[in-house]
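Peer 1: Under full-length UniProt numbering, the first residue of the sequence shown carries the number 1, and numbering increases by one thereafter.
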Amino acid sequence: MNENRSIMKKVTIIFPGWIKAPNGAARFVFGLRSCINDFANQGIGLSTFTLDDVHGEVRNFSNNDKIKRKASLKNKLMRYAKYSHLMTYAMIYFSGLRYSKRIVEAFDEIPNDELPDIIHFQDLFTCYYYLRKRKNKKSVYLTLHSNGSLWSMYEEYYPLFRSCFFGIMKRRIEDVVLNRVDKVNFVADFPRWNFCHLYPHISSQKTSFVYNGIPDIEGGSKGISSTNQTRLVCVGTLCNRKNQIGILHALSKLTSEQQKSFSMTFVGDGPSRNILEKVAATLSADIYFVGNSNQVNDYLTNSDAFILFSKDEGLPISIIEAMRCGLPIISTRIAGIPEMIVEGISGYLVDVDEQQLSELFEKILIDRPDFVKMGEKSRIIYEEKFSQKAMILSYAKLWQKA
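As structure tokens, this is what we get:
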């Protein structure tokens, strides 16, 4: 656990994952950890506690073959989970619950006089395991990286999780967390509002929001297309929730000649990859699947626009990364995403509707929007609202109030 004991207000971020894992949550926590000195300047002694601390080593995710094998196995099991309640629970347990239990058990071994003033969790299950056997009076915060619902993301991944089979489990977790946690934080204003609507018995004074922020980078200039194609890129797990299949279906509604005016690059892997590749093979557009990559910025800077057609989100780090690279954004009117885009100025918003997206593709072909200018506006919004500096100031203010 990284600590700076000279700072008056101590905060520990608890994350039941690996700090260098190839996902948005890990990148978010890694970004916070990289700002320890900046937080110190704001009177905050920040530390992180992750699975790397539990195991005494930082796990390396550079072995792409090993990652692919594990991802392939997980993808197969997730398909089985669609038809079995027991398999659904097993997947939730082995991909999340067991890590939550493990990290709480390890954190509970820390002596009381070494604990921080605020223990800030980044997921529901870990917060639950900690609060149900709370042994101290330290402030407990929880950030929900969702649309405001406690369960919507899990239900998108595991449809049977919506069933009454899991009702008792959900109610128990809700009761413990919402009644015992000191602050429920969100990554955008709409998810906070939605939470207050879904759980009206919880005082709005108990809620807050802080936009995600990421550090700026020294990047090369955007690559100029040598063709007349509009180069789209999507970064994220290939899954039902991220809805990449909806992008391909929208493209399929165009004529063959119109499809040829687009190229689509998917960065990431996941359970939907096989079906996506089959659908892509029927299209005239150039579709590329590059899998997981540590060179995401290279794909962003060689694209004209970023697209994310998700059904459920919080405030996607992938969109912020694209804004940082000066890309216009095409995305859905869900959760915090409309707070990231100025319609028609820095990007486009659509409902989760394939016909709407297809019509937008047609509009792009007809209007030929100035994506460079739109990307410049997107970059300005990143600097003003989603930079690491803005996030540091907001979190420091939130924690100092405790």
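Every residue, glycine too, gets a C-beta built ideally from N, C-alpha and C.
Would you say Val177 and Leu238 are within 8 Å of each other, going by their C-beta atoms?
Peer 2: no
Peer 1: Taking one C-beta from the segment 146-166 and one from the segment 72-84 each time, how about it: are there three or more such pairs within less than 8 Å?
Peer 2: The answer is yes - the segment 72-84 touches the segment 146-166, with three or more Cβ pairs under 8 Å.
Peer 1: Assuming the contact rule is C-beta atoms closer than 8 Å, Ser387 and Leu327 should be a hit. Round their C-beta distance to whole Å, please.
Peer 2: Not quite, the Cβ-Cβ distance comes to about 16 Å (not below 8 Å), so this is no contact.
Peer 1: If you draw a straight line from the alpha carbon of Gly96 to that of Phe30, how long is it in whole angstroms?
Peer 2: 19 Å
Peer 1: Could you tell me which uninterrupted beta strand (DSSP E) segments, each at least 3 residues in length, are contained entirely in the segment 91-179, listed from first to last along the chain?
Peer 2: 118-121, 139-144
Peer 1: Cα-Cα, which of Ser34, Cys234, Met8 is closest to Pro215?
Peer 2: Ser34
Peer 1: Using only CA atoms, which one of Lys242, Gln355, Ala40 lies nearest to Met153?
Peer 2: If we check each option's Cα against that of Met153, Lys242 comes out closest.
Peer 1: Could you tell me which residues DSSP pairs with Thr230 in its beta bridges?
Peer 2: Phe262
Peer 1: Specify whether the segment 181-199 and the segment 140-147 touch according to this definition: at least 3 beta carbon pairs, one from each stretch, less than 8 Å apart.
Peer 2: yes
Peer 1: Okay, do the segment 279-299 and the segment 53-69 touch, 3+ Cβ pairs below 8 Å being the bar?
Peer 2: Touching, yes.
Peer 1: For Tyr83, count neighbouring C-beta atoms within 10 Å of its own C-beta (all shown protein chains included) and say buried if the count is 16 or more, exposed if not.
Peer 2: exposed
Peer 1: Do three or more CB pairs link the segment 349-357 to the segment 194-211 at distances below 8 Å?
Peer 2: no
Peer 1: Cβ of Asp312 within 8 Å of Cβ of Ile334?
Peer 2: yes
Peer 1: Could you give the distance in angstroms between the alpha-carbon of Ile381 and the alpha-carbon of Gly213?
Peer 2: 11 Å
Peer 1: With a Cβ-Cβ cutoff of 8 Å, do Phe309 and Leu300 count as a contact?
Peer 2: no
Peer 1: Using the DSSP secondary-structure output, state which residues sit across from Thr332 in a beta bridge.
Peer 2: Val350
Peer 1: Considering only the alpha carbon of each residue, which of Glu383, Gly270, Lys401, Glu343 lies closest to Met374?
Peer 2: Comparing Cα positions, the closest option is Glu343.
Peer 1: Please list the terminal residues of the continuous beta strand (DSSP E) segment that includes Leu308.
Peer 2: Taken as a continuous stretch (DSSP letters only), the beta strand (DSSP E) holding Leu308 covers 305-308.
Peer 1: Out of Gly270, Asp304, Ser284, which one is the CA nearest neighbour of Val290?
Peer 2: Gly270
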